[in-house]
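> Using mature numbering (1 follows the signal peptide of the UniProt record, and there is no 0), the letters of the sequence shown map in sequence onto residues -29 to -1, 1 to 613.
Right, I'll just put the structure down here and ask away after.
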Amino acid sequence: MKRSKYPKLRKVALVSLGLISALSLPVQAEEVFELDEIVVTATRTEQSVKETPASVQVISRKNIETMGAQSVVAALKLALNLNLSEAGMTGKQVSLRGMNTNQSLILIDGRRLAGEDTGTTANFYELDRININNVERIEIVRGPVSSLYGSDALGGVINIIMRKPEKQQSTIGLANSSRQQNASYHIDMGKQGKWAWSLDTLFTDIKEVNRSDSTNMYGPRQFYNFSGTYDLAADKKLDVFYERMSEHLKSDFSDDNSRDYYTNTRNSYGVTLRGQTDRGNYELRTYYNELEKNNDTVLASGTYSDFDRARYNTWVIDGKNTTRLNDKHVLTYGGEYRSNEYRGTRLEDNGDAASVITEHGISKAISEKSVKYQAAYVQDEWKLSDKLLLIPSLRYDDSDKFEDSLSPKLGMTYKVASNFRLKTNFGKGFKAPSISELYMKMTHRPIPAMTVIVSGNPNLKPEKSTSYDISLEGESGANFGKVTYFDNDVNDLIDTQTTRAGMVYTSKYVNVDKAKIKGWELEGGRHLSDRFTLKTAYTHLDARNAKTNEFLDSRAKNRYSVQLHYDDSQNSGVSSILWQEWVRDYRYSDVDYSYNTLNFTINKKWNECYSTYFGVDNILDKKIDELVLEGRLWRFGMNYTF
């Protein structure tokens, strides 16, 4: 029998035909009318999910409440093709479409965050450092978006959009779970003259979880969020914000009977001028973000054996303007200046302003390095006809430390019929080397007889990707579905090369690897009635080292889920989700793992003021120590608004 030269494309074609057939089936259930969701992340303009060519997903505030989510990670559990597997005590992976965790860009209201910047630390903690109580919605763009956002957006963008002042009310929340306890307070003062402002606080106590040789990072974490808007004129507003996160965590290690203390503080503040014109809108803003980290290791005897100090900060000035040129063209253009700085003991004396600090009788060198970035971008939303929309975009990035980069992208949406669309995207992305990858000089002694030395490389080149995807999506009465094929080639991947001389291990960052990451995504469902909706999702991932053809670690080849959603849409009503997820061939340390979990959550509104929720993840108590799958997890909580 003749074999197909392109087996994956053949599968996609077959699934696409199945989707078309399903959408043309007679509709037995009652038709359900749904408003098309609006996103801003995919194009930096307001655009409907159905119209935008990009693969996007929106997690709304209502979704967050139905899930009973006590963290941003929990709110993203049902996000398509997003791997949020735990990475031991080091936080969570954030892998979009099989890309590395540091190749996805996490934003808050479109703003970058200062934080850890190596391949084994970047983004691992970020989602836990965001106040879920203050989140309005989360927009996810899968696929490269460097043409608008620059470095780090190879896998996509997760934009967490915070709540804005709306109307005068206050909300108190209490929650408990297997992992943490929360107490929150949200006060919205609404409009007071020309000012509108809100304040949100969240106090979290992360519970201790014992593992084979260590514990998780546990202890208290606090969030404070302030947001204000001042009406300068009818068509011009000034937004201000201040956010603070502080955490005092610890971890215990049984192998050397020690305890690590982590005292971390993040402060963010900024101001935005935005306005409307006859043909569009504009925005000019500046913001500053700083993360200060202090890590101390203490032996059981009470003796300090090590410490680490770090301060990351980012200062940004950016702006954009969107203008409707005519009925066929909407032009968006903008620019950005960004300064990143890192001062820490892991640079030792390899940076500027070097000095020696002594704490607990231990002396270490400390220094700092900075990188300056400049960028400009342009995008055209070109409506060729009522059926065809093209969106070309282009961004130029430059820096004082690495070569400049040009990132183009072309997206297309073609309306095959009023309820059926073909979408495709082609783009290039890049990730610039971080300050640590360029200049790190770290000497670490995990045990007295062993020395580990990690060195940066100022000659590193940016990682670069070439990607495309193609989708078919549509609706027919109560049925809906989408199938997507994606393909990514990633070059000049940054990794460490390690040599050994006795018990001295020396690692250096180098551009060594190439990756080929491809696969497909299938989403489908049916509104069984005006209250029940059945959804299914499937992703297949083929992520390999292009040189060795080995499957990349910490990724699953196949993920499936079946979800039953209930929502009676009443002011005093119930919303609930029951879902089963199957994970097949999850590669970790050269071993493939397969497992499934059954999960349930329910949210009850008792009246306009009072609501409660309850949920259980992994009801059947599946455990896999190697993957930090720790069995059944429960949660419950309440909110009271007045």
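A virtual CB, placed ideally from N, CA and C, is assigned to each residue, including glycine.
Using a 10 Å radius around the Cβ and a threshold of 16 neighbouring Cβ atoms, would you call I131 buried or exposed?
Around the beta-carbon of I131, 16 or more other beta-carbon atoms lie within 10 Å, marking it buried.
> Between which two residues does the alpha helix (DSSP H) harbouring L409 extend?
Following the DSSP letters along the chain, one finds L409 inside the alpha helix (DSSP H) bounded by residues 406 to 410.
> Using alpha carbons as the reference points, say which of T12, D463, K402 lies closest to D88.
K402
> With L49 and I111 assumed to form a contact (beta carbons below 8 Å), what rounded beta-carbon distance in angstroms separates them?
Contact between L49 and I111 does not hold, since their C-beta atoms are separated by about 11 Å, which reaches or exceeds 8 Å.
> Spell out the partners DSSP gives H331 in its beta bridges.
The partner list for H331 (beta bridge, DSSP) is empty, contrary to what the question assumes.
> Considering only C-alpha positions, which residue in the set L55, S117, N520 is nearest to T12?
S117
> Thinking C-beta only, is E218 closer than 7 Å to N196?
no
> T23 to Y344, Cα distance in whole Å?
Rounded to whole angstroms, T23 to Y344 spans 29 Å at the Cα level.
> Where do the ends of the alpha helix (DSSP H) carrying E36 lie?
Per DSSP, E36 belongs to the alpha helix (DSSP H) from 32 to 38.
> Assuming Y308 and K340 make a contact with CB atoms under 8 Å, what is their CB distance in whole Å?
In fact, because the Cβ distance is near 18 Å, the residues do not count as touching under 8 Å.
> State buried or exposed for R530, treating a residue as buried only when at least 16 other CB atoms are found within 10 Å of its CB.
buried
> The alpha helix (DSSP H) with A46 in it runs from where to where?
43 to 46
> Could you tell me if the beta carbon of G241 falls within a distance shorter than 6 Å of some heavy atom in the ligand PLP?
As far as ligands go, the structure on display features none, and thus does not contain the ligand PLP.
> Taking the CB atoms as reference points, tell me whether Y476 and V423 lie closer together than 7 Å.
Taking 7 Å as the Cβ cut-off, Y476 and V423 qualify as a contacting pair.
> Run through DSSP, which three-state label would L51 get?
Of the three classes helix, strand and coil, the one that applies to L51 here is coil, per DSSP.
> For the segment 232 to 311, list the beta strand (DSSP E) runs that are entirely contained and at least 3 residues long, ordered along the chain.
251 to 270, 275 to 295
> Taking three-plus beta-carbon pairs below 8 Å as touching, is the segment 448 to 466 in contact with the segment 420 to 439?
yes
> Does S565 pass the burial test, meaning 16 or more other C-beta atoms within 10 Å, or should it be called exposed?
exposed
> Please return the same chain residues whose Cβ sits closer than 7 Å to the Cβ of E601, not counting the five positions on each side in sequence.
V180, K594
> Does the separation of the CB atoms of R603 and G586 fall below 7 Å?
no
> Within the continuous beta strand (DSSP E) that includes L393, where are the two ends?
391 to 402
> Rounded to a whole number of angstroms, what is the C-alpha to C-alpha distance between L318 and K485?
28 Å
> Alpha carbon to alpha carbon, how far is E254 from G306? Give it in angstroms, no decimals.
11 Å
> Tell me Y385's beta-bridge partners as DSSP assigns them.
L359, L393
> What would DSSP say about D596, mapped onto helix, strand or coil?
In the three-state DSSP reduction, D596 falls in the helix class (H, G or I).
> What whole-angstrom Cβ distance do T583 and G544 have, given they're in contact under 8 Å?
Taking 8 Å as the upper bound for CB-CB distance, T583 and G544 are not in contact here, some 13 Å apart.
> Give the DSSP bridge partners of Q534, in chain order.
K506, W550
> Below 8 Å, can you find three or more Cβ-Cβ pairs linking the segment 198 to 212 to the segment 244 to 254?
yes
> Going by C-alpha to C-alpha distance, which of N482, D596, N104 sits closest to R182?
D596
> Tell me where the alpha helix (DSSP H) around L119 begins and ends.
117 to 120
> Might you give, ordered along the chain, the residues of its own chain that have their beta carbon closer than 6 Å to the beta carbon of W553, omitting 5 neighbours on each side?
Same-chain partners within the cutoff: Y531, N567.
> Considering only C-alpha positions, which residue in the set A388, I177, N34 is nearest to A146?
For the options A388, I177, N34, the alpha carbon positioned closest to that of A146 is the one of I177.
> Count the other CB atoms, across all protein chains shown, that sit within 10 Å of the CB of V43; report buried if there are 16 or more and exposed otherwise.
buried
> So the beta strand (DSSP E) V475 belongs to, where does it begin and stop?
475 to 498
> Taking the straight line between their C-alpha atoms, what separation do you get for L361 and K506?
Going from the Cα of L361 to the Cα of K506 covers about 30 Å.
> Assign N73 to one of two classes, buried (16 or more other C-beta atoms within 10 Å of its C-beta) or exposed (fewer than that).
buried
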